[in-house]
Amino acid sequence: MTQVKICGLMGEADVNASSRADYQGFVVATGTRRSLSIEAARHLVTLAERPSVAVTTSVDAQIVTNMVGKVRPDAVQLNGDVDEDTLRKVRRRVDCEVWVAVHVGPGMGERKLRFVGEADCVVLDTASPQGGGAGILHDHAVSARLCREVRPTRCALAGGLTPENVAGAIAVVHPDIVDVSSGVETNGSKDASKIDRLIDTVRKCQ
C-alpha cells in the first residue's frame, strides 16, 4: 500500500489539514520558503498526529544530530548531497529513522545509489537548485528503475506530484510513499481540499 507524506507544513492549520496523511513533513532551518526555525518545528512536531519527518539540507553530521535532538522527529530526511561517511555518522548518532534524498536528473550521482540503501528510506526527487520542493516532475521510468535497485529499502517518490497525476506516477514507479508539497498548495499555501483529494486518490490506487 502506497503511503502519503505531506511536506512543507508551516503552521497548525497545515498540521490539521494533513492529519489523514501517513507522514507529516517539516523543513527545518534551510533558508527556503517553507523553512521553519528549530523552535517552530519542535512545536509543530508535538502537534503532529502522524509520524513526523524533519527535512534538512545540511551535510554536517553534527548539525543534523543537534537539530534532531531539539526537534525530536520520528525521521530525519537528508536533502543535501551527503556522502557515505555522513550518512553513517547520522545513523549512529540519532534515535530516529534516516531518510536520504536522491535527486533525479542530469549528473545524478550513481555512486550515491551504492550506499543510500543503508538509509531507512530513499526519497527520489527532481534535481533542482532548491534541493527539492520545486514542484517539477522528472522521468518516472528512471525512478522506477532506481526503486528496484534500492529494494528492500523503502522508496519515496517526490517532485511535481499533484492530485491529478499521482495515480499515474504510482502505476509506473510503485513507490512505498508519495511525498508531496507544492502539489497540494494554492497560491503558495497548503490547500486542505487538495490534500484530501490527493490522499483519496492514492488510497484508491491500492
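So for the sequence shown, our numbering puts the first residue at 196; every next one is plus one.
Ideal placement from N, C-alpha and C gives every residue a C-beta, glycine not left out.
Under a Cβ-count criterion, where at least 16 other Cβ atoms within 10 Å of its own Cβ denotes burial, should residue i be classed as buried or exposed?
i, result
"residue 402", "In the structure as shown, the chain starts at 196 and stops at 401, and residue 402 therefore has no counterpart that could be examined."
"residue 258", "exposed"
"residue 274", "buried"
"residue 208", "exposed"
"residue 268", "buried"
"residue 340", "exposed"
"residue 247", "buried"
"residue 363", "exposed"
"residue 225", "buried"
"residue 321", "buried"
Nearest-angstrom Cα distance between residue i and residue j?
i, j, result
"residue 384", "residue 204", "9 Å"
"residue 397", "residue 297", "23 Å"
"residue 272", "residue 360", "24 Å"
"residue 188", "residue 365", "An answer regarding residue 188 cannot be provided, because it is not within the stretch 196 to 401 covered by the chain."
"residue 293", "residue 338", "20 Å"
"residue 374", "residue 390", "12 Å"
"residue 400", "residue 196", "8 Å"
"residue 282", "residue 256", "8 Å"
"residue 342", "residue 227", "28 Å"
"residue 277", "residue 260", "14 Å"
"residue 290", "residue 265", "12 Å"
"residue 216", "residue 309", "30 Å"
"residue 210", "residue 219", "7 Å"
"residue 200", "residue 372", "7 Å"
"residue 312", "residue 348", "6 Å"
"residue 262", "residue 314", "18 Å"
"residue 252", "residue 395", "30 Å"
"residue 202", "residue 221", "6 Å"
"residue 334", "residue 377", "18 Å"
"residue 231", "residue 350", "25 Å"
"residue 249", "residue 234", "12 Å"
"residue 370", "residue 198", "9 Å"
"residue 392", "residue 243", "20 Å"
Could you tell me which residues DSSP pairs with residue i in its beta bridges?
i, result
"residue 351", "318, 372"
"residue 203", "Note: residue 203 sits in no beta bridge, so no partner."
"residue 231", "223"
"residue 247", "219"
"residue 384", "381"
"residue 198", "372"
The beta strand (DSSP E) spanning residue i covers which residue range?
i, result
"residue 298", "292-299"
Along the alpha helix (DSSP H) that carries residue i, what are the first and last residues, could you check?
i, result
"residue 273", "Not the alpha helix (DSSP H): residue 273 falls in the beta strand (DSSP E), residues 270-273."
"residue 267", "Neither: residue 267 is in no alpha helix (DSSP H) and is coded neither H nor E."
"residue 338", "335-345"
"residue 286", "279-288"
Measure from the C-beta of residue i to each C-beta in chain C and report whether the shortest distance is under 7 Å.
i, result
"residue 313", "Here there is only one protein chain, and chain C is not present."
Is there at least one non-hydrogen atom of the ligand FAD closer than 6 Å to the beta-carbon of residue i?
i, result
"residue 363", "Looking at this structure, you won't find the ligand FAD or any other ligand, since it has none at all."
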